[in-house]
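Asker: Have a look at this one before I ask anything.
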Amino acid sequence: MTRVSAGRAGNLATLAGIFLGSLVLVPIALAWEPQVSDYLRATDPALGIGIEFGRWNSQINLVYDPDGAPAPFGTSAVVIDLIEQAIAQWELVSGIKINITGTDRFAAIDENAGPSGKDGLVRVFWGPAGGAVGLAGPDGDFFDEDLGYFPYIDGSVELNDDPDQWDSPSELVGVLVHELGHLIGLGHSDNPHSVMFANPYNHLNHPRADDILAARALYGNGTLNISDVTKPVSQWLYTPPPAAPAGTTADLFKANSIFELGSFIAIDYDLPLTDVDASTKADDFLWFYYAIGPNNSRAIDIDATIVFVDPFGYLYESRQRDIECQLNFSCAAGVTVGETNVVKSVPGTWTIYVIDNAFNTLLHKLNFDVNTTKVFNAGPVANVSVTSVSSIVVNIRLDVSDAEGDAIEVVWHPQSTPSAAGITDKASDGSTVSRDITFPTASTHTLYIELRDDAARYDGSSAGSGGAGDGFQNLIAITVDLPIADSGDVHIR
Ligand SMILES: [Zn+2]
Numbered sequence: 025m026t027r028v029s030a031g032r033a034g035n036l037a038t039l040a041g042i043f044l045g046s047l048v049l050v051p052i053a054l055a056w057e058p059q060v061s062d063y064l065r066a067t068d069p070a071l072g073i074g075i076e077f078g079r080w081n082s083q084i085n086l087v088y089d090p091d092g093a094p095a096p097f098g099t100s101a102v103v104i105d106l107i108e109q110a111i112a113q114w115e116l117v118s119g120i121k122i123n124i125t126g127t128d129r130f131a132a133i134d135e136n137a138g139p140s141g142k143d144g145l146v147r148v149f150w151g152p153a154g155g156a157v158g159l160a161g162p163d164g165d166f167f168d169e170d171l172g173y174f175p176y177i178d179g180s181v182e183l184n185d186d187p188d189q190w191d192s193p194s195e196l197v198g199v200l201v202h203e204l205g206h207l208i209g210l211g212h213s214d215n216p217h218s219v220m221f222a223n224p225y226n227h228l229n230h231p232r233a234d235d236i237l238a239a240r241a242l243y244g245n246g247t248l249n250i251s252d253v254t255k256p257v258s259q260w261l262y263t264p265p266p267a268a269p270a271g272t273t274a275d276l277f278k279a280n281s282i283f284e285l286g287s288f289i290a291i292d293y294d295l296p297l298t299d300v301d302a303s304t305k306a307d308d309f310l311w312f313y314y315a316i317g318p319n320n321s322r323a324i325d326i327d328a329t330i331v332f333v334d335p336f337g338y339l340y341e342s343r344q345r346d347i348e349c350q351l352n353f354s355c356a357a358g359v360t361v362g363e364t365n366v367v368k369s370v371p372g373t374w375t376i377y378v379i380d381n382a383f384n385t386l387l388h389k390l391n392f393d394v395n396t397t398k399v400f401n402a403g404p405v406a407n408v409s410v411t412s413v414s415s416i417v418v419n420i421r422l423d424v425s426d427a428e429g430d431a432i433e434v435v436w437h438p439q440s441t442p443s444a445a446g447i448t449d450k451a452s453d454g455s456t457v458s459r460d461i462t463f464p465t466a467s468t469h470t471l472y473i474e475l476r477d478d479a480a481r482y483d484g485s486s487a488g489s490g491g492a493g494d495g496f497q498n499l500i501a502i503t504v505d506l507p508i509a510d511s512g513d514v515h516i517r
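Numbering (the numbering used here), first residue to last: 25 to 517.
Shown next, in the form of structure tokens:
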């Protein structure tokens with residue numbers, strides 16, 4: 025269905041820049057202007073996805089429904105705090121604004137209602153979540169042909185209500201970052217270095233380069249204007265506490281009769297691993313094993329946190345453990361780092377920290393390397409040239425390329441377009457696509473262009489399939505301050 029908002033008289037222009045309907049702007053459009061500027065920029069791949077292209081035009085309002093919350097999440101204030109931590113991450117790196125209005129056990133269940141039956145409050149609630157740990161997405165209003173896309177007006181975030189799904193409250197933050205990614209319009213990424221990767225779901229806790237690029241294309245810069253998205257965001261780096269006094273660690277993580285290595289990683293404790301690589305057994309669990317004792321002159325009982333930090337320097341997972349051993353005894357214990365398939369998808373140097381909770385001191389540190397390369401289908405990219413044609417007409421030229429040489433679709437979503445599908449140009453690696461885009465008025469406008477290839481989105485998905493894996497791979501947003509006088513009037517993200 026199509027919704028035409030009041031205040032503008034029909035479609036002003038075709039894409040070729042020839043006016044068919046309203047005459048209001050014709051004199052301006054016909055006035056020839058010199059090509060005052062030409063802009064070139066190589067765009068980076070961003071593998072965000074919307075099944076139908078859309079975005080939020082204003083702040084997202086969430087409401088938390090605590091009904092059925094599983095054991096670790098019985099206190100609503102704790103859950104609200106964790107939701108706010110996840111929100112803060114997206115707001116730091118993109119211009120999206122998300123507000124949590126509070127807790128309401130009677131929040132309207134309007135997921136299946138049409139646009140007019142929705143209350144505009146995104147309900148965060150507990151349920152079966154289709155067997156996944158979380159399930160989320162936006163709901164669009166009718167297609168808005170003035171905007172050229174579906175404005176999002178509501179949505180839902182469902183979290184799994186089975187207590188066995190959750191090891192710790194902090195785990196919720198990582199899940200929420202992924203689910204809020206869906207809510208703002210991102211689908212699953214092909215790139216394992218993405219919080220939106222789901223093949224398998226990799227338990228990253230922060231948006232990575234592709235996530236940030238996609239969110240920024242949709243919503244602009246956040247409070248942090250990151251110049252190099254491939255570098256870690258310093259605010260998210262994990263900082264371990266200061267080292268514990270030597271006396272405290274004398275009987276910990278040292279060789280004993282059970283583990284002569286003192287501490288190590290392994291799948292089976294009698295086969296320590298030097299690193300994780302392609303040959304490491306799939307569909308199993310990687311463990312961190314450690315020895316305690318044997319010459320401890322007193323019983324050991326330490327309330328500890330074992331922290332796993334991923335190669336980016338971000339906290340990956342933390343687990344509470346009592347480190348215990350009776351007087352003059354040899355003890356050993358182990359804790360899971362994660363599933364081998366998942367760990368193998370996050371290459372680089374990992375760090376394990378063991379923290380003494382009572383004194384907030386570092387008892388032990390162990391590094392291990394994941395030497396794997398996950399091959400994935402890279403999205404197409406484009407160099408973009410923007411040239412002024414007249415006060416409201418702009419020529420946009422895309423020199424497109426695709427690392428795998430796949431066929432490329434360029435999908436334009438200009439304002440004043442009658443079709444939700446946008447306007448598609450077929451292209452291939454190395455080719456050029458160009459269109460004159462007519463904007464409705466000589467003021468500031470943003471044009472969204474999707475670039476996608478015809479390859480399967482990720483292992484297990486198929487090309488052209490529905491679901492969260494389908495959609496655009498690279499999104500370019502071009503904002504023009506019309507009429508264009510100089511390069512400061514064109515912004516590409
Ligand atoms: Zn997902």
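The beta carbon of each residue, even a glycine, is placed where N, CA and C say it ideally should be.
Note that the coordinates shown come from a computational prediction; the quantities given were computed from them, not determined experimentally.
1. Does at least one heavy atom of ligand 1 sit under 7 Å from the Cβ of Ala-153?
2. Residue range of the beta strand (DSSP E) that Asn-521 falls in?
3. Span of the alpha helix (DSSP H) holding Asp-449?
4. Under 6 Å Cβ to Cβ from Ala-160, same chain only, skipping five residues before and after it: list those, please.
5. Between Leu-506 and Gln-439, what straight-line distance do the alpha-carbon atoms span, to the nearest angstrom?
6. What runs of the beta strand (DSSP E), each 3 residues or longer, lie entirely inside the stretch 376-435?
7. How do the stretch 364-376 and the stretch 276-285 stand: do at least 3 beta-carbon pairs fall below 8 Å, yes or no?
8. Would you call Thr-304 buried or exposed, if buried means 16 or more other Cβ atoms sit within 10 Å of its Cβ?
9. With 16 other CB atoms within 10 Å as the buried threshold, where does Ala-268 fall?
10. Is His-217 near ligand 3 - that is, is its Cβ less than 7 Å away from at least one heavy atom of it?
11. Check whether the Cβ of Ala-306 lies closer than 7 Å to any heavy atom of ligand 1, and answer yes or no.
12. Is the CB-CB distance between Val-257 and Val-117 below 8 Å?
13. Taking CB distances under 8 Å as the criterion, tell me whether Val-514 reaches chain B.
14. Mind checking Ile-416: buried by the 16 CB within 10 Å criterion, or exposed?
15. Can you find the residues in the same chain that come closer than 7 Å, C-beta to C-beta, to Glu-76, ignoring five residues on each side of it along the sequence?
16. Count the CB pairs spanning the stretch 80-97 and the stretch 187-201 that are closer than 8 Å, and state whether there are at least three.
17. For Leu-390, which option in Ser-321, Asp-308, Leu-285 and Ile-432 has the closest C-alpha, if you only look at C-alpha atoms?
18. Looking only at its own chain, which residues have a Cβ that is under 6 Å from the Cβ of Gln-83, when we skip the five neighbours before and after it?
19. Is His-437 a contact residue of ligand 1, with contact defined as CB to any heavy atom under 7 Å?
20. Need the endpoints of the beta strand (DSSP E) that Ala-328 sits in, please.
21. Can you say whether Val-60 is buried or exposed, counting buried as having 16 or more other CB atoms within 10 angstroms of its CB?
22. Which residues in the same chain as Pro-224 place their Cβ atom closer than 6 Å to its Cβ, once the five residues preceding and following it in sequence are excluded?
23. Within the same chain, show all residues whose beta-carbon is closer than 6 Å to that of Trp-436, passing over the 5 residues directly before and after it, in chain order.
24. Mind listing, in chain order, the continuous alpha helix (DSSP H) runs of no fewer than 4 residues lying wholly within the stretch 186-271?
25. Just checking my contact of Lys-450 with Glu-433 at CB under 8 Å: how many whole Å lie between their CB atoms?
26. Which of the three DSSP states, helix, strand or coil, is assigned to Val-157?
27. Helix, strand or coil for Gln-439 per DSSP?
28. Taking the alpha-carbon positions, what's the Gln-350 to Gln-109 distance?
29. Ligand 1 and Leu-274: does any heavy atom of the ligand fall closer than 7 Å to the residue's C-beta?
30. Using only CA atoms, which one of Gly-126, Ala-402, Phe-166 and Ala-156 lies nearest to Gly-138?
31. Just mark Thr-125 as buried or exposed, buried being the case when its beta carbon has 16 or more other beta carbons within 10 Å.
32. Is the Cβ-Cβ distance between Leu-106 and Leu-196 less than 8 Å?
33. With 16 other CB atoms within 10 Å as the buried threshold, where does Thr-456 fall?
34. Less than 7 Å between the CB of Ala-239 and some heavy atom of ligand 1, yes or no?
35. Does DSSP put Gln-109 in a helix, a strand or coil?
36. Using the C-alpha atoms, what's the distance from Ala-402 back to Asp-252?
Answerer: In this structure, then:
1. no
2. No statement about residue 521 is possible, as the shown extent of the chain runs from 25 to 517 and does not include it.
3. Counting along the chain, Asp-449 falls outside any alpha helix (DSSP H), though it belongs to the beta strand (DSSP E) covering 447-451.
4. Val-181, Glu-203, His-206 and Leu-207
5. 14 Å
6. Along the length of the stretch 376-435, whole beta strand (DSSP E) runs at least 3 residues long occupy 385-395, 405-412 and 417-425, reported in chain order.
7. Proximity of the stretch 364-376 to the stretch 276-285 falls short of the contact definition, fewer than three beta-carbon pairs being nearer than 8 Å.
8. buried
9. buried
10. In the structure shown, ligand 3 is absent; the only ligands present are ligand 1.
11. False, no ligand heavy atom lies under 7 Å from that Cβ.
12. yes
13. This model lacks chain B altogether, as it is built from one protein chain only.
14. buried
15. Gly-164, Phe-174 and Ala-444
16. yes
17. Leu-285
18. If you ignore the 5 residues before and after Gln-83, its C-beta comes within less than 6 Å of the C-beta of Lys-121 and Asn-123, all in its own chain and listed in chain order.
19. no
20. Run containing Ala-328: 324-333, per the beta strand (DSSP E) assignment.
21. For Val-60, the predicted model reports a pLDDT of 36, less than 50, meaning its position is unreliable; a value from the coordinates is still stated below. With fewer than 16 Cβ atoms within 10 Å of its Cβ, Val-60 is classed as exposed.
22. Hits under 6 Å: Asn-365 and Val-366.
23. Taking Trp-436 as the centre and dropping the five residues before and after it, the same chain places the C-beta of Gly-446, Ile-447 and Ile-473 closer than 6 Å to its C-beta, in chain order.
24. 195-207 and 233-243
25. Separation of the CB atoms of Lys-450 and Glu-433 is rounded to 6 Å, and the pair is thereby assigned contact status at 8 Å.
26. coil
27. coil
28. 40 Å
29. Here residue 274 turns out to be Ala, not Leu, going by the sequence shown. Checking the Cβ of Ala-274 against ligand 1 gives no.
30. Phe-166
31. exposed
32. Going by beta carbons, Leu-106 and Leu-196 fall inside the 8 Å limit.
33. exposed
34. no
35. helix
36. 19 Å
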